[in-house]
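S.K.: Got a structure here, written out as C-alpha cells. Questions coming.
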Amino acid sequence: MVKQMKRVEIGKSPDEKNLKQKLIAKFNDYGIFIVFILLVIVLSIAKPNFLRPQNIMNVLRQTSINGLLSIGMTFVILTGGIDLSVGSILAFGGVVAASFASDAVGSTIHHPLVAAGIGLLAGIALGAVSGLLVAKWKVPAFVVTLGMLSIARGLTFIYTDGMPIPRIDKSFLIFGQGEFFGIPFPVIIITFVYLIAWVVLYKTRYGRYIYAVGGNEKSAKVSGVNTRMIVFTVYVISGLLSALGGIILTARTTAGLPQAGVAYELDAIAAVVIGGTSLSGGQGALSGTIIGALLIGVINNGLDLLGVSSYFQQVIKGAIIIGAVLLDSLRKKD
Amino acid sequence: MKRVLSVCMIVMFTMTMVFAAGSQEAEGEKTYNVGAAVYGLQGEYMRLWTTALERHPDVVSGLVKITVFDGKYDASVQQAQFETMSTQGYDGALFVPIDIEAGAAAVATAKSAGIPVVGSNTRVNSDDLLSYVGSDDKKSGYMEAISVIEQIGGSGNVVIIEGPIGQSAQIERRAGNMKALEENPSVKVLEMRTANWSRAEALSLMENWLNAHPGKIDGVIGQNDEMALGAIQAIEQAGLNVKDFGIAGIDGVTDAMLAVKDKKMVSILQDATAQAQGALDVLLAELIGPSYVPKAKVWDSIDFNGGSEAIYNVPWVPITMENVDDLLAERSELTQR
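Protein chains in written order, with the working numbering: chain A, 264 to 597; chain B, 61 to 397.
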C-alpha cells in the first residue's frame, strides 16, 4: 500500500485549510437554507412590506398546498420513484370532496369532515392504483404516474361533467379560510402533516426502510425488507396528501374546480429537488423539501410584490431550480 | 470553489430580479397603487387589455401605478394575488377572474381589507364589486351564432368551440349561442367542447371533428377569435376551402381582423381599451372623489354618471369590410411600443 500522503497546499497553514473545509462542508449541508435566508433578506430590503406578519402568513398559506404535495413527493422520490399525477389527484380529491359539501349538486351529506374524508379516500384509491402498478408489476413510476395524471384528470372532468362545483358549504370553507389564533388553517394542517411525516420518516423502521429501498432496492430486499409494500405505500401517501391539497384548494377558492392543479407536480418536484433530495433515491431530507417549497413560495410572493412581469418570473424560477440542482450534483461529485 | 460559484450564481439571479423589477417610487405626490389581476396573458385579448390599461393617461403621468398580476388561468393563484394586494395595502384593484364562482372569495378578501374592486371583461358572482365594466356576452354569443347561421343559409350542421368552462364569458356566450340556435331549429349542433380560449387546442379539436364528421360540418361557432382561428388553420391544413364554412369568433384580435378582411370569418370587436381604461376611471372616481375627470374615450358613447353605476355596458363593434381597416390602424397604434 502506498503511504497515504497528507496533501498540504503550499502557502497555507494546515489550520486555515481545515477551517475552509469546515465552512464548505457546513455550507453543503445547509446550502439551500442559506440561499433561502439570503433571498428573504434581499426581498426584505427591496420591499420592507415583505416581512409584515400578514405577508408572512400569506406566504405560508400559499405554500401550504405545494408543501403537502412536496411532502408526499419526497416519500416517493426517496424510494427512487416519481409521481407526476399529484396535480390531477389534487383536482380529483378536491371535486369529490366538493360534491359532498355543496347544495349545487344535491348533496345530502353536509358534514365537512365526511366530505373531506371521502375526498381523501378518492386520493388514496388513485394512489393505490399507481402504487400497485409500480410495486407489483414493476411498471416504471414515470410511466405509471404519467398515465395516472391523464386518468385522474379525465375522471375529474367526467365526475363534474366539466363544470365547477359552486356554493360550497360555509362549514367546509374553514379548511381553507379558517384561522386558529391568527394562524390560517392550511398552515396548521401542513405543520401537522410535516411533523407526522418527520416522525414517520426518521423515527420509525418504515422510514428507514424507505431510505433503504431508495438507496439500493436489491440489497434492501435481500436484507428482508418488504420492498414491494414500501414502494406501494409511498404512492398511497402521495395520493392522500394530493387529495388533502385539493380539499384545501377547494375551500380556498370556494368552488370545486376540475381544472385545478394543472402542472402542480412541477412545483412539487422542484421543491423536493431544490431541497436536496436526489432523484435517484435514497438520499435527501424532509426539511430540505420544506425549505424548497418555502423558497418557491417566497419567490412567487416576492416577485409578485416587486411587480416583476410574469414572463420574467418564469425565467427566474427556472434558473433558480437549475442552479439548485447544479449545486446538488456538484456536491455529490466531490 | 464550484459550489461557491453556483451559490453566487443563485444570489446574482436574486439580485437581478430585484433590479429587473425596477420599482419607480414617485416621491412626494400621492400615487395610487392599483393591482390589475388578470386571469392569464397567453391570449392576445388580455394582452391588449393590459396594454390599454397601461396607456391610460393617469398611468402614463405616474398618478397611478399599475401592477399586473398574471393569474396563470388558476383561481387559487388569483386568490393568492388578492391576498398579496390586501397585505400590501393596495389602493384599489381591477379584476378579470378565471372563474365566476371562485373569484368571489378573492373579492371578499379585498373587501375585508377595504380595497375597492372593479370588475372588467368577465363577471364574478359577488355583491362586493364596486362596479363592472364589460360587454354583454349573451349578446355577442347570440350575434355570432346568428352570423354563422346566416352564413350557412339557415340550415345545416355546426360545431361550437367553447371557452374555459365556468368562466362567465363561456357561460354567457353559450347562452347566447343557444338562444340563436333555438330560434333556428333546422341548424343542428354536432359537437360542443371547450378549447380554453386557445388557438392550439381548437386546432386539434377541429382536426378531430373534421375526421369524425367528414363533409358534414357547415359552420363553426368559436366563442372567441383565437379558437375560431385555430379552427380555420385545421380546415386549411386538411386541404379544405375555408370559404365553404361559416365561421365566427368574438374579440377582434389582430389575426381575426385580417381573416375577416380575407373573408375567412366574421368577428365582433370587444373593446379592450374601453373595458380596461373605463374600469380604471370608475375605480379612480371612487378613490379620488367627484373632482375626478374620467379619461377613457368610451365615455363619449356611454354615460359615466360619476362612476356610480353597478354595471357599465361597453358596446360590441361588429367588424365589417367597411370598418376593418380603421380598426386595424387603431390596433397598431395601441400595440406600437
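C-beta atoms are modelled at their ideal positions from N, C-alpha and C, and glycine is treated no differently.
From VAL358/B to ASP159/B, what distance separates their C-alpha atoms?
M.R.: Near 26 angstroms, if we compare the C-alpha coordinates of ASP159/B and VAL358/B.
S.K.: How about GLU85/B: is its C-beta nearer than 8 angstroms to some C-beta of chain A?
M.R.: Because the pLDDT of GLU85/B is 46, which lies under 50, any placement of that residue in the model is unreliable, and the number read from its coordinates should be weighed accordingly. It does not: the Cβ of GLU85/B has no partner Cβ on chain A nearer than 8 angstroms.
S.K.: Taking a cut of 8 angstroms between CB atoms, which residues from the region 186-198 of chain B lie near chain A?
M.R.: For the region 186-198 of chain B, which is checked against every Cβ of chain A, not one residue is closer than 8 angstroms.
S.K.: Might you give, ordered along the chain, the residues of its own chain that have their beta carbon closer than 6 angstroms to the beta carbon of ARG411/A, omitting 5 neighbours on each side?
M.R.: The amino acid occupying residue 411/A in the given sequence is Met; Arg does not appear at that position. So the list reads SER348 and SER393, once near-sequence residues are dropped.
S.K.: Does ASP304/B get closer than 8 angstroms to chain A when you measure Cβ to Cβ?
M.R.: Cβ-Cβ to chain A under 8 angstroms: no for ASP304/B.
S.K.: Is it buried or exposed, GLY149/B, if we count other Cβ atoms within 10 angstroms and call 16 or more buried?
M.R.: Under this definition GLY149/B is an exposed residue.
S.K.: Mind checking which residues open and close the alpha helix (DSSP H) that includes ASP369/B?
M.R.: The displayed chain sequence assigns Glu, not Asp, to residue 369/B. It is not in any alpha helix (DSSP H) - GLU369/B carries neither H nor E in the DSSP assignment.
S.K.: Ignoring anything shorter than 3 residues, give me the beta strand (DSSP E) runs that lie fully in the region 133-214 of chain B, in order along the chain.
M.R.: Correct list: 152-156, 177-180 and 191-194.
S.K.: Going along chain E, which residues have a C-beta under 9 angstroms from GLN522/A?
M.R.: The structure shown contains no chain E; its protein chains are A and B.
S.K.: Exposed or buried, what is PRO316/A when buried is set at 16 or more other beta-carbons lying within 10 Å of its beta-carbon?
M.R.: Classification for PRO316/A: exposed.
S.K.: What are the residues in the region 96-108 of chain B lying within 8 angstroms of chain A by C-beta distance?
M.R.: Residues passing the 8 angstroms Cβ filter: LEU101.
S.K.: Would you mind reading off the limits of the alpha helix (DSSP H) that contains SER327/A?
M.R.: That run of the alpha helix (DSSP H) goes 316-341.
S.K.: Report the rounded CA-to-CA distance for GLY570/A versus LYS399/A, giving the unit in angstroms.
M.R.: If you take the alpha carbons of GLY570/A and LYS399/A, they lie about 49 angstroms apart.
S.K.: Taking contact to mean at least 3 C-beta pairs separated by less than 8 angstroms, is the region 301-312 of chain B in contact with the region 275-289 of chain B?
M.R.: Yes, the region 301-312 of chain B is in contact with the region 275-289 of chain B.
S.K.: Could you name each continuous alpha helix (DSSP H) segment of 4 residues or more that falls completely within the region 466-520 of chain A, going from the start of the chain to the end?
M.R.: For the region 466-520 of chain A, whole alpha helix (DSSP H) runs of length 4 or above, ordered along the chain, are 468-478, 480-485 and 490-516.
S.K.: Just how far apart, CA to CA, sit THR326/A and ILE537/A?
M.R.: THR326/A and ILE537/A: Cα-Cα distance of roughly 15 angstroms.
S.K.: Using a Cβ-Cβ distance under 8 angstroms, would PHE129/B count as near chain A?
M.R.: It does; some Cβ of chain A falls within 8 angstroms.
S.K.: Quick one: using the 10 Å Cβ neighbour count with 16 as the cut-off for buried, is LYS401/A buried or exposed?
M.R.: Burial call: exposed.
S.K.: Check this for me: beta carbons of ALA262/B and GLY290/B, under 8 angstroms apart or not?
M.R.: In this structure, GLY290/B lies closer than 8 angstroms to ALA262/B by Cβ.
S.K.: With DSSP run on the structure shown, which of helix, strand or coil describes ALA288/B?
M.R.: Reduced to three states, the DSSP call for ALA288/B is helix.
S.K.: Which class does LEU123/B belong to by DSSP, given the choice of helix, strand or coil?
M.R.: The answer is coil: DSSP assigns LEU123/B none of H, G, I, E or B.
S.K.: Whose Cβ in chain A lies nearer than 9 angstroms to the Cβ of ALA140/B?
M.R.: Those are ASN321, ARG324, GLN325, ARG515, ASN563, ASN564 and ASP567, listed as they occur along chain A.
S.K.: What are the boundary residues of the alpha helix (DSSP H) that ASP315/B is part of?
M.R.: Taken as a continuous stretch (DSSP letters only), the alpha helix (DSSP H) holding ASP315/B covers 314-321.
S.K.: Jot down the residue ranges of each uninterrupted alpha helix (DSSP H) in the region 230-309 of chain B, minimum 4 residues, whole runs only, in chain order.
M.R.: Segments of the alpha helix (DSSP H) lying fully in the region 230-309 of chain B: 259-272 and 285-297.
S.K.: For GLY95/B, name the three-state secondary structure that DSSP assigns.
M.R.: Three-state result, GLY95/B: strand.
S.K.: Would THR182/B count as contacting chain A if we go by Cβ distances under 8 angstroms?
M.R.: Answer no: the Cβ-Cβ gap between THR182/B and chain A never drops below 8 angstroms.
S.K.: For the putative contact between GLU286/B and ARG259/B, defined by C-beta atoms under 8 angstroms, what is the C-beta separation to the nearest angstrom?
M.R.: That belief holds up - the Cβ atoms of GLU286/B and ARG259/B are roughly 4 angstroms apart, short of 8 angstroms.
S.K.: Check the Cβ-Cβ distances between LEU396/A and every residue of chain B, and say whether any is below 8 angstroms.
M.R.: Chain B contact via Cβ: absent.
S.K.: Indicate whether the contact test is met: 3 or more Cβ pairs, each with one atom in the region 298-316 of chain A and one in the region 505-524 of chain A, closer than 8 angstroms.
M.R.: Touching, no.
S.K.: At which residue ranges does the region 379-426 of chain A contain complete alpha helix (DSSP H) runs of 4 or more residues, listed in the order of the chain?
M.R.: Correct list: 404-423.
S.K.: Would you please state the rounded distance, in angstroms, between the beta carbons of LEU512/A and GLY357/A? I believe it to be under 8 angstroms.
M.R.: The pair is a contact, with the Cβ atoms about 5 angstroms apart (cut-off 8 angstroms).
S.K.: Out of PHE129/B, ALA298/B, ARG233/B and LEU329/B, state which residue places its alpha-carbon closest to the alpha-carbon of SER264/B.
M.R.: Taking only the C-alpha atoms, the option nearest SER264/B is ALA298/B.
S.K.: Rounded to a whole number of angstroms, what is the C-alpha to C-alpha distance between LEU458/A and GLU296/B?
M.R.: Cα-Cα distance, rounded: 58 angstroms.
S.K.: Return the first residue and the last residue of the beta strand (DSSP E) that GLU222/B is part of.
M.R.: Per DSSP, GLU222/B belongs to the beta strand (DSSP E) from 216-222.
S.K.: Taking the beta strand (DSSP E) that VAL368/A belongs to, which residues open and close that run?
M.R.: Neither: VAL368/A is in no beta strand (DSSP E) and is coded neither H nor E.
S.K.: Evaluate GLN577/A with the Cβ neighbour count: other Cβ atoms within 10 Å of its Cβ, from every protein chain shown; 16 or more gives buried, anything less gives exposed.
M.R.: Per the 10 Å Cβ criterion, exposed.
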